[in-house]
Amino acid sequence: MIAGFMLAAGLLWFARVGLTSRAEQPRRTGNYSSTEQASTDKSVAGEPEPPSRLVVDLGEAEPGAAAATVEFIELPRPTKHEKKIREALDKPTRVDFDSTPIEKCIAELRDIHNIPIVMDISKIREEGVILEEPITLRAAGLSLRSILKLLLEPVSLTYLIDNDMLKITISRSCEGTRTVLRVYPVGDLYRGPQSDTDTHPGDLEKAIVKFVQPDTWEAQSGPGSIMYIKGAQSLAISQIPFVHEQILDFLRALREAKKAQEAPRAAEQATRQPTWRSRGLQRDEAYSLVGLIELDEDPQMDRSRLHEFITAAGGRIDNELGDDGGLRVNGKREDQPQLSEKTRYIVVGTIPQPADLSGPEQIASAVRIAQFLADFEDAARDREVRVVSLKEFLKYLGYERAD
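Residue numbers (my numbering): 25 to 427.
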């Protein structure tokens, strides 16, 4: 609960600062999943695309990114409509909400993603949520899951998949909702009992029951139950859909924490990291970098390594968006990107997702990056500059891993 208040406080602060918004309707140009756009299979070094076309390949994860994704098997099996909703939640989108009532924001998201979204109006109004409260949010490259988190959590709302629909309701609206059994593979996280005869709960089960809606578990006469299946290295959890969504967030956070602990070890093993070689030409061009730069197993060194690649190829960086969402134009801090005649490509790395983050500062940085990505897309459209993925850009420069 405390974490929820901290998150709400961080987002409310962000709302006070005010994200730059425009009155125009949301546009999806330049934000596609890997299954939606086949053109990303082409290297930038090949036949050039029409100048006005924006291309962003965010669908393919870089090495090491899988740890941030939680896969699970669900019983009973989800219907085709539920599968469509889950797929939509993970797809990137673009929003331009300028003092827009939350009810209208939800309606626009429903139209963009073509999925059934309903609002539990009676319960929401009983909770005292003002649906006419204006929302200002401008962002690109964020998943629908992240956008919903930014819109709903500050006003104590949440979403759940129920009866083949995405339902927006109050966060404590759990009574009367059916339980669903899900199986979560957690072999990379689990540190439970080692004996085949030991039936006591392990540390992961204890953490979930303690920190994820404690009042909804069996020990507190709630509907939820949890058991570790040692042979499958998985947790079998029976819970209501609302709590399952929070369990996913909790597991994502644990995997991020594990990844952060392993980063120093990766730095110590830098001598064994993959090497890169260049077969490209010298290019007197400028490039703009947006998002997190992840080339291999050592993300801390990847940004400086990409700088070296660009310099070695004869190019330079005119705009760069840091991991904290701060923008530098030709080395100076600025509020808006400034593309020039020499700007050839806008290079998009990994866009951090607020749905996978818990700290208010991390979420605020992720939203700043998403806002600037929208600014870069607009600037690229105006100057007929292409937006490309980091993978495509490396091919264009002629760099490939040597091992």
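A virtual CB, placed ideally from N, CA and C, is assigned to each residue, including glycine. All of these numbers come straight from a predicted model, not from anything done at the bench.
Which term fits R407, buried or exposed, when burial requires 16 or more other beta carbons within 10 angstroms of its beta carbon? For the purposes of this step, residue 407 is identified with residue 383 of the sequence shown, where counting begins at 1. Exposed, because fewer than 16 other Cβ atoms sit within 10 Å of the Cβ of R407.
Selected residue, minimal CA-CA separation from P140, among F396, L113 and L155: Along the sequence shown, read from residue 1 onward, the residue named residue 140 stands at position 116. The option with the nearest alpha carbon to P140 is L113.
Short check: CB of I317 to CB of L184, under 8 Å? If you number the sequence shown from 1, residue 317 lands on position 293. If you number the sequence shown from 1, residue 184 lands on position 160. No.
Which listed residue (K107, Q270 and V233) has its alpha carbon closest to that of I250: Counted from its first residue, the sequence shown places residue 250 at position 226. Residue V233 is the option with its Cα nearest to I250.
So, is Q306 buried or exposed, given that buried needs 16 or more other C-beta atoms within 10 angstroms? Position 282 of the sequence shown, counted from the start, is the residue given in the question as residue 306. It is exposed - the Cβ of Q306 has fewer than 16 other Cβ atoms within 10 Å.
With DSSP as the reference, label V41 as helix, strand or coil. As a working mapping, residue 41 is identified with position 17 in the sequence shown. With a pLDDT of only 35 at V41, under the threshold of 50, the placement of this residue in the model should not be trusted, and no figure is reported.
Contacts around D273, its chain only, beta-carbon distance under 8 Å, and the 5 residues preceding and following it disregarded: Taking the first residue of the sequence shown as 1, we reach residue 273 at position 249. Annotation for D273: A379, D380 and S382 place their beta carbon closer than 8 Å to its own, counting only its chain and skipping 5 residues before and after.
Could you give the uninterrupted runs of the alpha helix (DSSP H) lying entirely in the segment 158-202, keeping only those of 4 residues or more? 168-176
Can you tell me whether K356 is buried or exposed? The criterion is at least 16 other CB atoms within 10 Å of its CB, across all chains shown. Taking the first residue of the sequence shown as position 1, residue 356 is located at position 332. Only exposed fits K356, as fewer than 16 other CB atoms lie within 10 angstroms of its CB.
How do the segment 238-254 and the segment 146-159 stand: do at least 3 beta-carbon pairs fall below 8 Å, yes or no? Short answer: they don't touch.
Which residue marks the beginning of the alpha helix (DSSP H) containing R405, and which one marks its end? Position 381 of the sequence shown holds residue 405. First-last of the alpha helix (DSSP H) with R405: P384 to R407.
Which residues in the same chain as R134 place their Cβ atom closer than 6 Å to its Cβ, once the five residues preceding and following it in sequence are excluded? Residue numbering aside, residue 134 sits at position 110 when the sequence shown is read from its first letter. The answer, listed in chain order, is I141.
Could you give the DSSP three-state label for I317: helix, strand or coil? Taking the sequence shown and counting its residues from 1, the one referred to as residue 317 is at position 293. Under the three-state reduction of DSSP, I317 is assigned to coil, being neither helix nor strand.
Between the segment 394-401 and the segment 319-338, are three or more C-beta pairs nearer than 8 Å? no
So if DSSP puts V204 in a beta bridge, which residue, or which two residues, is it bridged to? To locate residue 204, count along the sequence shown from 1; it is residue 180. In DSSP, V204 forms a bridge with Q263.
Quick one: what's got a C-beta closer than 6 Å to N343's C-beta in the same chain, skipping five residues either side? Residue 343 sits at position 319 when you count from the first residue of the sequence shown. Excluding positions up to five away in sequence, the list reads S312, V353 and P361.
Q237 vs V267 beta-carbon contact at 8 Å: Indexing the sequence shown from 1 puts residue 237 at position 213. Indexing the sequence shown from 1 puts residue 267 at position 243. The answer is yes: Cβ separation under 8 Å.
Measuring CB to CB, does A310 end up less than 8 Å from R368? The residue you call residue 310 lines up with position 286 of the sequence shown. The residue you call residue 368 lines up with position 344 of the sequence shown. In contact: A310 and R368 (Cβ atoms closer than 8 Å).
Cβ neighbour criterion (16 or more within 10 Å) applied to Q377: On the sequence shown, residue 377 is found 353 positions in, with the first residue counted as 1. Classification of Q377: buried, given that the 10 Å Cβ count is 16 or more.
If you measure between the beta carbons of V411 and V372, is that distance less than 8 Å? By one-based count along the sequence shown, residue 411 stands at place 387. By one-based count along the sequence shown, residue 372 stands at place 348. Yes, the pair counts as a contact, with Cβ atoms nearer than the cut-off.
Consult DSSP for I250 and reduce its assignment to one of helix, strand or coil. Position 226 of the sequence shown holds residue 250. Three-state DSSP puts I250 in a strand.
Simplified DSSP assignment, three categories, for S245: Taking the sequence shown and counting its residues from 1, one reaches residue 245 at position 221. Coil at S245, not helix or strand.
Backbone secondary structure at R279 - three-state DSSP: Reading the sequence shown from its first residue, position 255 is the one you call residue 279. Note: R279 maps to helix in three-state DSSP.
Is G463 buried or exposed, if buried means 16 or more other CB atoms sit within 10 Å of its CB? Beyond the ends of the chain as shown, which are 25 and 427, falls residue 463; an answer cannot be given.
Just how far apart, CA to CA, sit H137 and S167? The count along the sequence shown starts at 1 and reaches residue 137 at position 113. The count along the sequence shown starts at 1 and reaches residue 167 at position 143. For H137 and S167, the distance between alpha carbons rounds to 11 Å.
Hey, could you find the ends of the alpha helix (DSSP H) I232 is sitting in? Position 208 of the sequence shown holds residue 232. I232 -> alpha helix (DSSP H) spans D227 to F235.
Run through DSSP, which three-state label would P102 get? Residue 102 sits at position 78 when you count from the first residue of the sequence shown. Note: P102 maps to coil in three-state DSSP.
Roughly how many whole angstroms lie between the Cα atoms of D122 and E157? As a working mapping, residue 122 is identified with position 98 in the sequence shown. As a working mapping, residue 157 is identified with position 133 in the sequence shown. Computed Cα separation, rounded: 12 Å.
Looking only at its chain, what residues have a beta carbon closer than 7 Å to the beta carbon of C129, apart from the 5 residues adjacent to it on each side? Counting from 1 along the sequence shown, the entry for residue 129 is found at position 105. If we look at C129 and ignore the five residues flanking it on each side, its Cβ neighbours are F121, I159 and L175.
Looking only at its own chain, which residues have a Cβ that is under 8 Å from the Cβ of E229, when we skip the five neighbours before and after it? Here residue 229 refers to the residue found at position 205 when the sequence shown is read from its first residue. Answer for E229: G216, I250, M251, Y252 and L259, listed in chain order.
Close Cβ partners of R329 (< 7 Å) along its chain, the five nearest in sequence each way excluded: Sequence index remark: in the sequence shown, residue 329 carries index 305 (1-based). Here the set comprises L319.
Beta carbon of T193 nearer than 8 Å to that of D144: For the purposes of this step, residue 193 is taken as residue 169 along the sequence shown, with counting starting at 1. For the purposes of this step, residue 144 is taken as residue 120 along the sequence shown, with counting starting at 1. Closer than 8 Å, so yes.
Relative to the alpha-carbon of L421, which residue among K147, R279, E332 and M189 has its alpha-carbon at the smallest distance? Against the sequence shown, residue 421 aligns to sequence position 397. Comparing Cα-Cα distances from L421 to each of K147, R279, E332 and M189, the minimum goes to E332.
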